[in-house]
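Read in order, the letters of the sequence shown correspond to residues 63 to 234 in the working numbering. Here a beta-carbon is modelled for each residue, glycine too, at the ideal position from N, C-alpha and C. Note that the structure is predicted; figures quoted are calculated from it, not measured. Worksheet: the structure to be examined is printed underneath.
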Amino acid sequence: IMRSINTTVEFVSKVIDEFENEIELQELIISEFDESGRITLQNIFLDENLKILQSILLYKYDINGNIIEIITLDRNKKPVYKINYCYNEQVLLEKKECFDLITNVEDSKEIFKYDNQKRLIEIYDIVTKTKKTYEYEAKGQVKRIFIFSDNSSEFIKALSYTYNDLNDVDSV
């Protein structure tokens with residue numbers, strides 16, 4: 063099978079505060095894309111010389127072009143983490159599951175709910191028992207996000223968004 067691959071290279075500088083010491087590290091991300099422009103593979107290198115392979119991310123898609131799986135491989139190309147995505151009949155994300163393949167533990171299992179206008183209104187994580195709810199303005203932009211913990215009816219965090227005349231986020 064002949065396949066077309068486009069590659070991008072991205073340098074990211076990170077500052078890590080470790081025990082009150084700031085260390086600047088460089089991250090090199092080499093990404094490959096399929097003929098549809100979807101990312102299929104990322105090699106992530108992390109160290110001061112950009113030579114140590116940190117991890118590899120493999121991406122899989124369904125026939126609609128929706129991402130259905132991301133697998134993280136360690137530097138020895140052993141699978142260590144997996145994220146699965148499931149979609150409903152309207153092709154809206156319905157479920158996201160994250161697995162630590164080393165400990166064989168499910169880190170999170172998020173269930174997504176939408177209103178009749180196909181806007182995301184809730185994300186509930188069955189594993190962590192946290193919930194995010196979304197409110198929208200008349201124009202359809204996110205107005206507020208509330209984050210709840212442990213099935214509580216009181217939110218632990220709220221984010222409010224305002225928009226400028228171009229409908230770009232003005233403040234959070």
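Could you give the DSSP three-state label for residue i: helix, strand or coil?
i, result
"Leu228", "coil"
"Thr165", "coil"
"Arg137", "coil"
"Ser170", "strand"
"Leu154", "coil"
"Ile125", "coil"
"Lys180", "coil"
In terms of residue numbering, what span does the beta strand (DSSP E) encompassing residue i cover?
i, result
"Ala220", "217 to 222"
"Thr195", "192 to 198"
"Ile209", "204 to 211"
"Asn105", "101 to 108"
Nearest by alpha-carbon distance to residue i: which of the options is it?
i, options, result
"Arg181", "Ile118, Leu228, Lys201, Asp96", "Lys201"
"Lys144", "Glu151, Leu135, Gln104", "Leu135"
"Arg100", "Gln116, Asn128, Ile118, Leu90", "Asn128"
"Glu151", "Ser170, Arg137, Tyr176, Glu168", "Tyr176"
"Leu221", "Ser233, Asn229, Asn213", "Ser233"
"Tyr147", "Ser117, Asp227, Cys160, Thr102", "Cys160"
"Lys191", "Ser214, Phe208, Tyr123", "Ser214"
Taking 7 Å as the threshold (C-beta atoms), are residue j and residue i in contact?
i, j, result
"Glu172", "Lys194", "no"
"Phe107", "Leu90", "yes"
"Ile125", "Val142", "no"
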